[in-house]
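Trainee: Dropping the structure in here first, questions after.
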Amino acid sequence: MKLFGTFDVRYTQCTAIFRTLTHKITFVVFLLVLCFLPLIAGEQLLSLLTHIAITSITVLGLMILVGYAGQISLGQSAFMAVGAYASGLLITLCGFPFLLALPCAGLAGGLAGLIFGIPSLRLKGFYLAMATLAASFIIPWLIVWVRPDITGGVYPGLTVPPPVIFGFTFNTETSMFYLVITITLIMIYLAKNITRTRIGRAFVAIRDNDLAAEVLGINIFKYKLMAFFICSVYAGISGALWGHWQRALNPEHFTLMDSVWYLGMVVVGGLGSIMGAVFGAAFIRILEYFVTAVAPILEGWLPEGLAGGYAIYIFVGLGALTFGMSMILFLIFQPRGINHAWRVFLASLRLHPFSD
Amino acid sequence: MVFFLQLTVTGILTGSIYALIALGIVIIYKATRVFNFAQGEVLIISGLATTTFISFFGIAIGLISGLIVSFFLGLIIERLTLRPLIGQPILATIMMTLGLSWALRGVGSIGWQSTIRQFPEIVSHSQIMIGEVGISRIHLIAFLVSMTVFVLFAIFFKKTKLGLGMRATAENHQFAQSTGINVKGVFAMTWAISCFVACIAAILLGCIGGGISPTVSMIGLKAFPAVIVGGLESAPGAVIGGLAIGLLESWAGGLIHPSLMEVTPYFVLLLVLFIRPYGLFGLVRIERV
Numbered sequence: 031m032k033l034f035g036t037f038d039v040r041y042t043q044c045t046a047i048f049r050t051l052t053h054k055i056t057f058v059v060f061l062l063v064l065c066f067l068p069l070i071a072g073e074q075l076l077s078l079l080t081h082i083a084i085t086s087i088t089v090l091g092l093m094i095l096v097g098y099a100g101q102i103s104l105g106q107s108a109f110m111a112v113g114a115y116a117s118g119l120l121i122t123l124c125g126f127p128f129l130l131a132l133p134c135a136g137l138a139g140g141l142a143g144l145i146f147g148i149p150s151l152r153l154k155g156f157y158l159a160m161a162t163l164a165a166s167f168i169i170p171w172l173i174v175w176v177r178p179d180i181t182g183g184v185y186p187g188l189t190v191p192p193p194v195i196f197g198f199t200f201n202t203e204t205s206m207f208y209l210v211i212t213i214t215l216i217m218i219y220l221a222k223n224i225t226r227t228r229i230g231r232a233f234v235a236i237r238d239n240d241l242a243a244e245v246l247g248i249n250i251f252k253y254k255l256m257a258f259f260i261c262s263v264y265a266g267i268s269g270a271l272w273g274h275w276q277r278a279l280n281p282e283h284f285t286l287m288d289s290v291w292y293l294g295m296v297v298v299g300g301l302g303s304i305m306g307a308v309f310g311a312a313f314i315r316i317l318e319y320f321v322t323a324v325a326p327i328l329e330g331w332l333p334e335g336l337a338g339g340y341a342i343y344i345f346v347g348l349g350a351l352t353f354g355m356s357m358i359l360f361l362i363f364q365p366r367g368i369n370h371a372w373r374v375f376l377a378s379l380r381l382h383p384f385s386d
Numbered sequence: 014m015v016f017f018l019q020l021t022v023t024g025i026l027t028g029s030i031y032a033l034i035a036l037g038i039v040i041i042y043k044a045t046r047v048f049n050f051a052q053g054e055v056l057i058i059s060g061l062a063t064t065t066f067i068s069f070f071g072i073a074i075g076l077i078s079g080l081i082v083s084f085f086l087g088l089i090i091e092r093l094t095l096r097p098l099i100g101q102p103i104l105a106t107i108m109m110t111l112g113l114s115w116a117l118r119g120v121g122s123i124g125w126q127s128t129i130r131q132f133p134e135i136v137s138h139s140q141i142m143i144g145e146v147g148i149s150r151i152h153l154i155a156f157l158v159s160m161t162v163f164v165l166f167a168i169f170f171k172k173t174k175l176g177l178g179m180r181a182t183a184e185n186h187q188f189a190q191s192t193g194i195n196v197k198g199v200f201a202m203t204w205a206i207s208c209f210v211a212c213i214a215a216i217l218l219g220c221i222g223g224g225i226s227p228t229v230s231m232i233g234l235k236a237f238p239a240v241i242v243g244g245l246e247s248a249p250g251a252v253i254g255g256l257a258i259g260l261l262e263s264w265a266g267g268l269i270h271p272s273l274m275e276v277t278p279y280f281v282l283l284l285v286l287f288i289r290p291y292g293l294f295g296l297v298r299i300e301r302v
């Protein structure tokens, strides 16, 4: 968002992350707020923010794949499972330090993605969606049945230790919040840089017209594979963080339906915008939190026969319906997502009173 | 040997249900180029609605009104969710059916509270013995019903005006429109018919399992491999694909390891994507990059 009198005279200015002093000040204020938030916020709010941040990482990966490269993956949560188990097992079995296990988890997620992605990425159309659909059933099955002695199977699952960096143990909600937010900011920065450089422009070219992209000399298969690899790496890192945050892993936490949620966040946030991934993750997670918070209030209003044991199903259904409807409504009425709405809002503020 | 034959028979009979669900997906994909990821959820909703109607009006009227309601459910879904997306990229329609699957799941959970709804025993569960292989009567009837549905659809697509219109729409939307076919009407009818077929599948599943519960949507997910194996555009392919998936899953589960039942369809899916991505009977117009 450029203010009046700000002109781009060089290409680097146009693609700069922070263009004006206002941007820089806003960003510093935002960082300060994040730094001092744990002093005033309760555990519940911190836990919600941590959850949003972890989700943002996986949605960022999906945003690069779906929003920039135009491919669909239905296996995001399966690749998160790969990352979570890789990090957990590397630390407990091989004694890796956390800072080494985290990139390894990302790499493991990425490699798992490549195995499933290579055959279908050669094809046009939505075959990647089908291959990753298969992945989201095969990977949990492998986790449960291949070596249940080391992964713990479905029960009791795998216990993951809290992250330790240079002797400091991140075992409280507050310390975990700082760790996760730091990693999320780094991942946002990386994603932003991927999309505003050569690779990102190649992705956009493939998404918009693959034939034209090929004529321009872009190796489509290579870049599609790269987009999918990046997407799965993000999933792996996000999954690893989730595992260390929850400290207990179970294949049933990573289902096909969660992958659909992440896709929904991409749609709600706005396809083709890095900030959209964060907006989408925040919007859906806050909506989910809100539905859970409202549930006990609603319970009093339910008819006699439905209260008690059945109430829980109604609230679960309410959550599912809210999520599904928000995905549908955004696709019909605001296909460019929250990010676009936010930009329009900013522009109208700036142009006041000449905006409509 | 008897065990193997038994597995084969069970596999074919289960596969006929997958085939019926796959047929619903193929009908929609053929005419509208939308891959319906929500077919399993449509199946649950129509099945649950049918159980409610049966409990109010008795079996005969209940079944008929369930079928009619699912027909209209299809019309409503098409009008409210897919019609606004005509002309949008395939990505948007996939997202839409995925969102739809969550919305329908929510409706099912709110309306029927995720409990198993009993289905009346319309057909007895006794077994017919052929040699030493036992065939459950209800499975056999389900198999015959789904095969009848396929034959009826084959006739419908070849002989009736609406069926021919659907095939024309499948070929090319603009050409179909210029020959006077109401393409939007065809889209609506396609969804309605597909939901109707899903309701038949739901009734058969209810009869076999004795009830409908939301976990049934897992069966909808197994129809996707069936569709890919058979070929996206091919109705006979859906039948063969469904039967093949049922058969392979039954063999793998019975002969190798029971846990393989759940994942075999997806291994088959990956294998097909690797060697023959257009499926057994699909149109060979895959473009490679």
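If you read the protein sequences in the order shown, they are chains H and V.
With this note's numbering applied, the first sequence has no gaps in its numbers, which climb one by one up to 386 at the end.
With this note's numbering applied, the second sequence has no gaps in its numbers, which climb one by one up to 302 at the end.
Cβ coordinates follow ideal geometry from the N, Cα and C atoms, glycine included.
Since the model is a prediction, treat every value here as computed from it, not as a measurement.
Could you check the C-alpha separation between I306 (chain V) and L26 (chain V) for me, to the nearest Å?
Mentor: Residue 306 (chain V) is absent from the model: chain V starts at 14 and stops at 302.
Trainee: Return the Cβ separation of G97 (chain H) and S303 (chain H) in integer angstroms, given the expectation that the two are a contact with Cβ distance under 8 Å.
Mentor: As a working mapping, residue 97 (chain H) is identified with position 67 in the first sequence. As a working mapping, residue 303 (chain H) is identified with position 273 in the first sequence. That belief holds up - the Cβ atoms of G97 (chain H) and S303 (chain H) are roughly 7 Å apart, short of 8 Å.
Trainee: If the cut is a Cβ gap below 9 Å, which residues of chain V does L348 (chain H) touch?
Mentor: One-based indexing of the first sequence puts residue 348 (chain H) at position 318. Against chain V, the beta carbon of L348 (chain H) has neighbours under 9 Å at G119, S122, I123, listed in chain order.
Trainee: Grab the span of the beta strand (DSSP E) containing G147 (chain V) for me, first residue to last.
Mentor: Taking the second sequence and counting its residues from 1, the one referred to as residue 147 (chain V) is at position 134. First-last of the beta strand (DSSP E) with G147 (chain V): 146 to 149.
Trainee: Hey, quick one: how far does the alpha helix (DSSP H) through Q276 (chain H) stretch, first residue to last?
Mentor: Walking along the first sequence from the start, residue 276 (chain H) turns up at place 246. Here the alpha helix (DSSP H) through Q276 (chain H) covers 250 to 276.
Trainee: Could you tell me how far apart the beta carbons of V196 (chain V) and A205 (chain V) are, in whole angstroms, since I believe they sit closer than 8 Å?
Mentor: To locate residue 196 (chain V), count along the second sequence from 1; it is residue 183. To locate residue 205 (chain V), count along the second sequence from 1; it is residue 192. At roughly 15 Å, the Cβ-Cβ gap does not stay under 8 Å, so V196 (chain V) and A205 (chain V) are not in contact.
Trainee: Quick one: what's got a C-beta closer than 7 Å to G273 (chain H)'s C-beta in the same chain, skipping five residues either side?
Mentor: Indexing the first sequence from 1 puts residue 273 (chain H) at position 243. A114, S117, G118, V190, L279, listed in sequence order.
Trainee: Report yes if the C-beta distance between A211 (chain V) and G37 (chain V) is below 7 Å; otherwise report no.
Mentor: Numbered from 1 along the second sequence, position 198 holds the residue referred to as residue 211 (chain V). Numbered from 1 along the second sequence, position 24 holds the residue referred to as residue 37 (chain V). Cβ distance < 7 Å, so A211 (chain V) and G37 (chain V) count as in contact.
Trainee: Quick one: what does DSSP say M142 (chain V) is sitting in, helix, strand or coil?
Mentor: Within the second sequence, residue 142 (chain V) is the residue found at index 129, counting from 1. Three-state result, M142 (chain V): strand.
Trainee: I need the DSSP call for R46 (chain V), collapsed to helix, strand or coil.
Mentor: Residue 46 (chain V) sits at position 33 when you count from the first residue of the second sequence. Three-state result, R46 (chain V): coil.
Trainee: Taking just the CA atoms, how far does V39 (chain H) sit from T203 (chain V)?
Mentor: One-based indexing of the second sequence puts residue 203 (chain V) at position 190. One-based indexing of the first sequence puts residue 39 (chain H) at position 9. T203 (chain V) and V39 (chain H): Cα-Cα distance of roughly 55 Å.
Trainee: Determine whether the Cβ of V47 (chain V) lies closer than 7 Å to any Cβ atom of chain H.
Mentor: The sequence position of residue 47 (chain V) within the second sequence is 34, counting from 1. Not one chain H Cβ lies under 7 Å of V47 (chain V).
Trainee: May I ask which residues mark the beginning and end of the alpha helix (DSSP H) holding S122 (chain V)?
Mentor: Counting from 1 along the second sequence, the entry for residue 122 (chain V) is found at position 109. For S122 (chain V), the enclosing alpha helix (DSSP H) begins and ends at 103 to 125.
Trainee: Going by CA-CA distance only, name the one from H:L293, H:P127, H:I362 that's closest to V89 (chain H).
Mentor: Position 59 of the first sequence, counting from 1, holds the residue named residue 89 (chain H). With respect to the C-alpha of V89 (chain H), the residue from H:L293, H:P127, H:I362 having the closest C-alpha is H:L293.
Trainee: Taking only beta-carbon atoms, is Y157 (chain H) less than 7 Å away from chain V?
Mentor: Counting from 1 along the first sequence, the entry for residue 157 (chain H) is found at position 127. Cβ-Cβ to chain V under 7 Å: yes for Y157 (chain H).
Trainee: Measuring straight from C-alpha to C-alpha, what distance separates G388 (chain H) and M217 (chain H)?
Mentor: This structure cannot speak to residue 388 (chain H), because chain H is shown only from 31 to 386.
Trainee: So what's T63 (chain V) in DSSP terms, helix, strand or just coil?
Mentor: Looking up residue 63 (chain V) in the second sequence gives position 50. Three-state DSSP puts T63 (chain V) in a helix.
Trainee: I need the straight-line Cα distance from F128 (chain H) to Y264 (chain H), nearest angstrom please.
Mentor: Here residue 128 (chain H) refers to the residue found at position 98 of the first sequence. Here residue 264 (chain H) refers to the residue found at position 234 of the first sequence. Going from the Cα of F128 (chain H) to the Cα of Y264 (chain H) covers about 17 Å.
Trainee: Are the Cβ atoms of C261 (chain H) and L132 (chain H) separated by less than 7 Å?
Mentor: Counting from 1 along the first sequence, the entry for residue 261 (chain H) is found at position 231. Counting from 1 along the first sequence, the entry for residue 132 (chain H) is found at position 102. Contact flag unset, no.
Trainee: Is K174 (chain V) buried or exposed, if buried means 16 or more other CB atoms sit within 10 Å of its CB?
Mentor: Here residue 174 (chain V) is taken as the residue at index 161 of the second sequence, counted from 1. Exposed, by the Cβ-count rule.
Trainee: Are the beta-carbon atoms of G259 (chain V) and G250 (chain V) separated by less than 7 Å?
Mentor: In the second sequence, counting from the first residue as 1, residue 259 (chain V) sits at position 246. In the second sequence, counting from the first residue as 1, residue 250 (chain V) sits at position 237. In this structure, G250 (chain V) does not lie closer than 7 Å to G259 (chain V) by Cβ.
Trainee: Can you find a C-beta in chain H that's less than 7 Å from the C-beta of W115 (chain V)?
Mentor: Taking the first residue of the second sequence as position 1, residue 115 (chain V) is located at position 102. Answer yes: the Cβ-Cβ gap between W115 (chain V) and chain H drops below 7 Å somewhere.
Trainee: Could you tell me the alpha carbon to alpha carbon distance between V374 (chain H) and T182 (chain V), rounded to whole angstroms?
Mentor: Residue numbering aside, residue 374 (chain H) sits at position 344 when the first sequence is read from its first letter. Residue numbering aside, residue 182 (chain V) sits at position 169 when the second sequence is read from its first letter. So the alpha carbons of these two residues sit roughly 39 Å apart.
Trainee: Does DSSP put G130 (chain V) in a helix, in a strand, or in coil?
Mentor: Reading the second sequence from its first residue, position 117 is the one you call residue 130 (chain V). With the sequence shown as reference, residue 130 (chain V) is identified as Arg, and Gly is not the correct amino acid for it. It is a strand residue.
Trainee: Is the beta carbon of V162 (chain V) closer than 7 Å to that of G178 (chain V)?
Mentor: Here residue 178 (chain V) corresponds to residue number 165 of the second sequence, with the count starting at 1. Here residue 162 (chain V) corresponds to residue number 149 of the second sequence, with the count starting at 1. Cβ distance not < 7 Å, so G178 (chain V) and V162 (chain V) don't count as in contact.
Trainee: What is the residue span of the alpha helix (DSSP H) that N223 (chain H) lies within?
Mentor: Residue mapping note: residue 223 (chain H) aligns to position 193 of the first sequence, counting from 1. 203 to 225 is the span of the alpha helix (DSSP H), which, as asked, contains N223 (chain H).
Trainee: Which residues in chain H have a C-beta closer than 9 Å to the C-beta of S272 (chain V)? List them in chain order.
Mentor: Indexing the second sequence from 1 puts residue 272 (chain V) at position 259. Simply W171, V174, W175.
Trainee: DSSP puts T94 (chain V) in a beta bridge; with which residues?
Mentor: One-based indexing of the second sequence puts residue 94 (chain V) at position 81. Paired residues: none, contrary to the question.
Trainee: If you measure between the beta carbons of W115 (chain V) and F167 (chain H), is that distance less than 7 Å?
Mentor: Locating residue 115 (chain V) in the second sequence gives position 102, counting from the first residue. Locating residue 167 (chain H) in the first sequence gives position 137, counting from the first residue. Their beta carbons are not under 7 Å apart, which means W115 (chain V) does not touch F167 (chain H) by this criterion.
Trainee: How would you label T52 (chain H), buried or exposed, when you count the other beta carbons within 10 angstroms and need 16 or more for buried?
Mentor: Residue 52 (chain H) sits at position 22 when you count from the first residue of the first sequence. With fewer than 16 other Cβ atoms within 10 Å, it is exposed.
Trainee: What is the DSSP secondary structure of T85 (chain H), reduced to helix, strand or coil?
Mentor: By one-based count along the first sequence, residue 85 (chain H) stands at place 55. In the structure shown, T85 (chain H) sits in a helix (DSSP, three-state: H, G or I).
Trainee: At a CB-CB cut-off below 8 Å, which residues of chain V make contact with A161 (chain H)?
Mentor: Within the first sequence, residue 161 (chain H) is the residue found at index 131, counting from 1. Residues of chain V passing the Cβ test: L282, L283, L286.
Trainee: Quick one: is M319 (chain H) near chain V, going by C-beta distance under 7 Å?
Mentor: Looking up residue 319 (chain H) in the first sequence gives position 289. Sequence check: residue 319 (chain H) is Tyr here, not Met. It does not; no Cβ of chain V falls within 7 Å.
Trainee: Might you give, ordered along the chain, the residues of its own chain that have their beta carbon closer than 8 Å to the beta carbon of Q364 (chain H), omitting 5 neighbours on each side?
Mentor: Translated into the one-based positions of the first sequence, residue 364 (chain H) becomes position 334. Answer for Q364 (chain H): H370, A371, listed in chain order.
Trainee: Could you have a look at T352 (chain H) and say whether DSSP puts it in helix, strand or coil?
Mentor: Residue numbering aside, residue 352 (chain H) sits at position 322 when the first sequence is read from its first letter. Annotated three-state conformation of T352 (chain H) is helix, per DSSP.
Trainee: Rounded to the nearest angstrom, what separates F37 (chain H) and S378 (chain H) at their Cα positions?
Mentor: Start at 1 with the first residue of the first sequence, and residue 37 (chain H) comes out as number 7. Start at 1 with the first residue of the first sequence, and residue 378 (chain H) comes out as number 348. Approximately 19 Å between the Cα atoms of the pair.
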